[in-house]
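Student: Here you go, one structure.
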Amino acid sequence: MSLRLILSARAMRCASAPASGTRIALPGRFSCIVALSLLLGACATPAPLDVSQSAHLVRTSVSAKPVVASVVIKNEAPPPTPHEHKVFDTTFVPVPAETAAIVAADLKRYFDEATVHVDGCKQRIVVRIERADAYWEFNAVDKVPIVSLFTMPGRRNYFMNVRVSFEVEQDGKVVRTYVANERFVLPDGKANGQDDIEESTRRLIAQYREQFFAGLDKAFTTRYLD
Numbered sequence: 001m002s003l004r005l006i007l008s009a010r011a012m013r014c015a016s017a018p019a020s021g022t023r024i025a026l027p028g029r030f031s032c033i034v035a036l037s038l039l040l041g042a043c044a045t046p047a048p049l050d051v052s053q054s055a056h057l058v059r060t061s062v063s064a065k066p067v068v069a070s071v072v073i074k075n076e077a078p079p080p081t082p083h084e085h086k087v088f089d090t091t092f093v094p095v096p097a098e099t100a101a102i103v104a105a106d107l108k109r110y111f112d113e114a115t116v117h118v119d120g121c122k123q124r125i126v127v128r129i130e131r132a133d134a135y136w137e138f139n140a141v142d143k144v145p146i147v148s149l150f151t152m153p154g155r156r157n158y159f160m161n162v163r164v165s166f167e168v169e170q171d172g173k174v175v176r177t178y179v180a181n182e183r184f185v186l187p188d189g190k191a192n193g194q195d196d197i198e199e200s201t202r203r204l205i206a207q208y209r210e211q212f213f214a215g216l217d218k219a220f221t222t223r224y225l226d
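Below, the structure is given as structure tokens:
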């Protein structure tokens, strides 16, 4: 059954979408959770999810910090959208976090710590966020009411895609380029209600932060910058 049919057939049985800032109560069937999650995203503007608990994971171990004139960060990532994988009949539901904005802020924090800014330096970095979206999986078995009733406590796959390109300029000319294209997977997330979805999203963001910036130290900062 397609996601559109779930929304039209089952959302009527659930409570109407709550106002901004409220939480989704656990309905009788798992498909109602998905319907309400998507309706909330379409009908309300919730407060940004607080992911500050893992902000300390945006760090660097670079000892000799490169000198740069500036670091320009351009957020060009498209917004996440719900979509289906036709072969496996899986719907990917966006997580309740502004992932592109989070990545942009994290990159600024990282380069503020990993580099030394000196006006007039010939070296400049241009960073482009090309993709930064995250989803959790709503599988075909969850769309069968009787089955989903018994599979609600199960694990859910959460994943985050991050693609960022880096250009190193010398005297206004691009001399080196690097692309980081990563997918981070949380195999034991939960989606029994809004609290579970938010907590799993926080865990996913923490995993991305810990792994992405440790890799950036080794793959880019120490190798591509003077």
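So the sequence shown is residues 1 to 226, counted in the UniProt record's numbering.
The beta carbon of each residue, even a glycine, is placed where N, CA and C say it ideally should be.
Fair warning: this is a prediction, and the values are worked out from it, not measured in the lab.
#1: In terms of alpha-carbon separation, which member of Val116, Glu182, Val72 lies closest to Asp226?
#2: Does the beta-carbon distance from Val62 to Pro80 come in below 9 Å?
#3: On the DSSP bridge assignment, give the partners of Gly189 in chain order.
#4: Figure out for me which residue from Ser54, Asp50, Leu49 has the closest Cα to the Cα of Tyr208.
#5: Sort Glu169, Thr90, Pro187, Arg124 by Cα distance to Met160 and report the nearest one.
#6: In this structure, does DSSP put Asp226 in helix, strand or coil?
#7: Tell me, please, whether the stretch 167-181 touches the stretch 192-202 by the rule of three or more beta-carbon pairs shorter than 8 Å.
#8: Quick check: what's the CA-CA separation for Ala100 versus Val72?
#9: Do you know whose CA, among Arg155, Val185, Glu198, Asn181, lies nearest Leu216's CA?
#10: Measuring alpha carbon to alpha carbon, tell me which of Lys190, Asp50, Leu107 ends up nearest Gly154.
#11: Alpha carbon to alpha carbon, what distance is there between Ala47 and Tyr223?
#12: Quick one: what's got a C-beta closer than 7 Å to Val185's C-beta in the same chain, skipping five residues either side?
Tutor: Checking against the coordinates, here is how it stands:
#1: Translated into positions along the sequence shown, residue 226 becomes position 226. Nearest of Val116, Glu182, Val72 to Asp226, Cα basis: Val116.
#2: In the sequence shown, residue 62 corresponds to position 62, counting from 1. In the sequence shown, residue 80 corresponds to position 80, counting from 1. Contact annotation: Val62 and Pro80 have beta-carbon atoms that are not nearer than 9 Å.
#3: Reading the sequence shown from its first residue, position 189 is the one you call residue 189. Answer is Arg156, bridged to Gly189.
#4: What you label residue 208 is simply residue 208 of the sequence shown in a count that begins at 1. It is Ser54 whose Cα lies nearest to the Cα of Tyr208.
#5: Locating residue 160 in the sequence shown gives position 160, where the first residue counts as 1. Of the listed residues, the one whose Cα sits closest to Met160 is Pro187.
#6: Residue numbering aside, residue 226 sits at position 226 when the sequence shown is read from its first letter. Coil, per DSSP.
#7: No contact exists between the stretch 167-181 and the stretch 192-202.
#8: Start at 1 with the first residue of the sequence shown, and residue 100 comes out as number 100. Start at 1 with the first residue of the sequence shown, and residue 72 comes out as number 72. If I take the Cα positions, the gap works out to 15 Å.
#9: What you label residue 216 is simply residue 216 of the sequence shown in a count that begins at 1. Comparing Cα-Cα distances from Leu216 to each of Arg155, Val185, Glu198, Asn181, the minimum goes to Asn181.
#10: For this step, residue 154 is matched to residue 154 along the sequence shown. Of the candidates Lys190, Asp50, Leu107, the one whose C-alpha sits nearest the C-alpha of Gly154 is Lys190.
#11: Here residue 223 is taken as the residue at index 223 of the sequence shown, counted from 1. Here residue 47 is taken as the residue at index 47 of the sequence shown, counted from 1. Before going on, a small fix: residue 223 reads as Arg here, not Tyr. Rounded to the nearest angstrom, the two C-alpha atoms are 39 Å apart.
#12: Within the sequence shown, the letter at position 185 stands for residue 185. Listed in chain order, the non-local C-beta contacts of Val185 below 7 Å within the same chain comprise Asn157, Phe159, local neighbours out to five positions each way being set aside.
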